[in-house]
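See below for the structure under consideration.
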Amino acid sequence: MDDLLKDPATRLLLLDGDTVATAGSRVALLAPDDVAHLAVRTRLFLGEADGVAYLAAVLDGSGSAAGPDLGWTGLRTLDVPDLDQGLAVEAIALAQWHASHTHCPRCGTPTEVAQAGWVRVCPADGTHHFPRTDPAVIMAITDADDRLLLARGPQWATDRRSVLAGFVEPGESHEQAVVRETAEEVGVVVDPATVEYRGSQPWPLPASLMVGFRARATTTSLVRQEDEIAEADWFTRAELGAAIAEGRLSPPGRASIARALIEEWLGGPAGA
Numbered sequence: 000m001d002d003l004l005k006d007p008a009t010r011l012l013l014l015d016g017d018t019v020a021t022a023g024s025r026v027a028l029l030a031p032d033d034v035a036h037l038a039v040r041t042r043l044f045l046g047e048a049d050g051v052a053y054l055a056a057v058l059d060g061s062g063s064a065a066g067p068d069l070g071w072t073g074l075r076t077l078d079v080p081d082l083d084q085g086l087a088v089e090a091i092a093l094a095q096w097h098a099s100h101t102h103c104p105r106c107g108t109p110t111e112v113a114q115a116g117w118v119r120v121c122p123a124d125g126t127h128h129f130p131r132t133d134p135a136v137i138m139a140i141t142d143a144d145d146r147l148l149l150a151r152g153p154q155w156a157t158d159r160r161s162v163l164a165g166f167v168e169p170g171e172s173h174e175q176a177v178v179r180e181t182a183e184e185v186g187v188v189v190d191p192a193t194v195e196y197r198g199s200q201p202w203p204l205p206a207s208l209m210v211g212f213r214a215r216a217t218t219t220s221l222v223r224q225e226d227e228i229a230e231a232d233w234f235t236r237a238e239l240g241a242a243i244a245e246g247r248l249s250p251p252g253r254a255s256i257a258r259a260l261i262e263e264w265l266g267g268p269a270g271a
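Counting along the sequence shown from 1, when you hit position 234 you're at 233 in numbering that gives the first Met the number 0, and nothing is skipped either side.
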């Protein structure tokens, strides 16, 4: 890590809480000298691409000291090229893990950062602890009339809608999780034979790998799990397109797998 910080070609991503520093339409990737004056809590190695080494500098709440030319953007609204997006997701995932796993789960001793941020070592019992990723499913559920099921979480803005999602439980396959989560959250029965994998996306809030599916429902009556779902409705393509165009509904962010699942069903962009 020290050698990389001496290399002027190295680039650092700045992380303050759950936000990354941005410059225009890109993640700000700065030279080591440009961040030397900042209070950095942790530096994490993110990898190399085209001969350039990338690090994350996790700030100690001092983002404003980075300068007025930088903006600070969260993942939900970050819309940047693939390299930038990947670096931001990786940096936030690692930083979140370090923040929430400061002590050894076996003996309670404070652990120490090792291997450029990819391991935490317990000095008391010598155990090594690695970043974790929890599998979750996210699914585009349609009915016999090819309407799409969209819902809103209780903490979301009143115009926001997305497809259903939930964590995979121990001993459960992804396909079983799709069926169970849909039944639990909105009372809809899904035909297990129709569950089809569509793609995946890492999502560090919390440490998840979102595994995307589409599936067909055999029932349409909606019974919400009220602590999880504030609103749920079936939409035709015309209804959803009009609601988005008129500003009555807001789809997920453009970089999200939720948006990709909706747009695959819609057959085109879900708004601007």
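Yeah, the Cβ is synthetic: ideal placement off N, Cα and C, and Gly gets one too.
This structure is a prediction, so every number in the text was calculated from the model and none was measured.
task = Tell me whether the beta-carbon of GLN95 lies closer than 8 Å to the beta-carbon of ALA27.
result = One-based indexing of the sequence shown puts residue 95 at position 96. One-based indexing of the sequence shown puts residue 27 at position 28. No, the pair does not count as a contact, with Cβ atoms beyond the cut-off.
ask   = Exposed or buried, which one is CYS106 when buried takes at least 16 other CB atoms within 10 Å?
value = One-based indexing of the sequence shown puts residue 106 at position 107. Exposed, since its Cβ has fewer than 16 Cβ neighbours within 10 Å.
message = Just to confirm before moving on: does the CB-CB distance between ALA231 and VAL185 stay below 8 Å?
response = As a first step, residue 231 is located in the sequence shown; it is residue number 232 there, counting from the start. As a first step, residue 185 is located in the sequence shown; it is residue number 186 there, counting from the start. For ALA231 and VAL185, yes; Cβs fall inside 8 Å.
request  = Going by DSSP, name the residue or residues bridged to ALA150.
outcome  = Against the sequence shown, residue 150 aligns to sequence position 151. SER161, ALA231, per the DSSP bridge assignment.
query = For PRO130, which option in SER99, TRP155, ARG159 has the closest C-alpha, if you only look at C-alpha atoms?
reply = As a position in the sequence shown, residue 130 is number 131, starting the count at 1. Considering only alpha carbons, the answer is SER99.
Completely contained alpha helix (DSSP H) runs for the region 164 to 189, where each covers 4 or more residues = 173 to 185
inquiry  = Between the region 219 to 228 and the region 238 to 245, can you find at least three pairs of beta-carbon atoms closer than 8 Å?
reply    = no
query = On the three-pair Cβ rule with 8 Å, is the region 71 to 86 touching the region 108 to 121?
reply = no
request  = Determine the direct distance from the alpha carbon of LEU208 to that of ALA257, and round the result to whole angstroms.
outcome  = Mapped onto the sequence shown, residue 257 falls at position 258. Mapped onto the sequence shown, residue 208 falls at position 209. Each residue's Cα considered, the two are about 13 Å apart.
query = Looking at C-alpha atoms only, which residue of GLU183, LEU260, ASP17, LEU54 is the closest neighbour of ILE137?
reply = On the sequence shown, position 138 is the one that residue 137 refers to. The candidate whose alpha carbon is nearest that of ILE137 is LEU260.
ask   = Is the beta carbon of LEU13 less than 8 Å from the beta carbon of PRO31?
value = Position 14 of the sequence shown, counting from 1, holds the residue named residue 13. Position 32 of the sequence shown, counting from 1, holds the residue named residue 31. Not a contact, by the Cβ cut-off of 8 Å.
inquiry  = With a threshold of 8 Å between beta carbons, is GLU225 in contact with chain D?
reply    = Of the chains in the structure shown, none is chain D; there is only one protein chain.
ask   = With DSSP run on the structure shown, which of helix, strand or coil describes THR193?
value = Indexing the sequence shown from 1 puts residue 193 at position 194. Residue state, collapsed to three classes: helix.
message = Please report the straight-line C-alpha distance between THR157 and ARG151, rounded to a whole angstrom.
response = Here residue 157 corresponds to residue number 158 of the sequence shown, with the count starting at 1. Here residue 151 corresponds to residue number 152 of the sequence shown, with the count starting at 1. Cα-Cα distance, rounded: 8 Å.
ask   = Is the closest heavy atom of the ligand ATP to the C-beta of THR18 under 7 Å?
value = No copy of the ligand ATP occurs in the structure displayed, which carries no ligand at all.
inquiry  = On the DSSP letters alone, give me the boundaries of the beta strand (DSSP E) that TRP155 sits inside.
reply    = For the purposes of this step, residue 155 is taken as residue 156 along the sequence shown, with counting starting at 1. Segment: none, TRP155 is in no beta strand (DSSP E) and carries neither H nor E.
key: Beta-carbon contacts of PRO7 that lie in its chain and below 8 Å, excluding the five residues immediately before and after   = Translated into the one-based positions of the sequence shown, residue 7 becomes position 8. The answer, listed in chain order, is ALA30, PRO31, ASP32.
query = If you follow the alpha helix (DSSP H) that ARG258 is part of, which residue opens it and which one closes it?
reply = Here residue 258 is taken as the residue at index 259 of the sequence shown, counted from 1. Run containing ARG258: 256 to 265, per the alpha helix (DSSP H) assignment.
task = Let me know the secondary structure DSSP gives HIS97 once reduced to three states.
result = In the sequence shown, counting from the first residue as 1, residue 97 sits at position 98. Three-state DSSP puts HIS97 in a helix.
task = In angstroms with no decimal places, state the Cα-to-Cα distance between TRP264 and TRP233.
result = Within the sequence shown, residue 264 is the residue found at index 265, counting from 1. Within the sequence shown, residue 233 is the residue found at index 234, counting from 1. Roughly 13 Å separates the two Cα atoms.
query = Could you give the distance in angstroms between the alpha-carbon of GLN175 and the alpha-carbon of PRO191?
reply = Position 176 of the sequence shown, counting from 1, holds the residue named residue 175. Position 192 of the sequence shown, counting from 1, holds the residue named residue 191. If I take the Cα positions, the gap works out to 7 Å.
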